[in-house]
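The structure under discussion appears below in the form of structure tokens.
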Amino acid sequence: MRGFFSYMEEEIHRCSNFKKAGNKLYLESISGLIATYEKVGNRIVRRVSMEGYIILTKYVRTFQVEAGEKGCRFYVEMEKDGTVWKGSIFIGKRVERVEAK
């Protein structure tokens, strides 16, 4: 799960825009491609332009995302062989420094 959170942090920092609609998180890249993230069965998958998919993690019981002006909050529960893992993280938008003139 740490790998998933790290991956999402990089994705959010590289995107130009993000929003949540229904159960999906949409990230738009600077080039205009849109990647979606959603829970399908017991997996979290990533799709680009709604073509194909990549499995980011398995054994997912709960996947919740909140997207706001300042970033995204993720809550994930996983279960494998009777062991449950729960984790939550807020990932803020990329911060850019602007020099005062």
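Numbering (UniProt numbering), first residue to last: 1 to 101. All C-beta atoms, glycine included, are put in the ideal place defined by N, C-alpha and C.
When the Cα of residue i is compared with those of the options, which residue comes out closest?
i           : options               : result
K93         : Y59, I44, L27 and V48 : L27
Q64         : E79, K39 and I91      : K39
R73         : V84, I89 and E9       : I89
K58         : I44, S29, S16 and S31 : I44
S29         : V84, I91, M78 and H13 : H13
R70         : E11, E9 and I91       : Sequence inspection shows Lys at residue 70; the Arg mentioned does not correspond to that position. Residue I91 is the option with its Cα nearest to K70.
V48         : V60, T62 and E11      : E11
residue 109 : T62, G32 and Y37      : This structure does not reach residue 109, given that the chain is present from 1 up to 101, and the question cannot be answered.
Less than 9 Å between the beta carbons of residue i and residue j, yes or no?
i   : j  : result
G82 : M1 : no
According to the neighbour-count rule (16 or more other Cβ atoms, all chains shown, within 10 Å of its Cβ), is residue i buried or exposed?
i   : result
I55 : exposed
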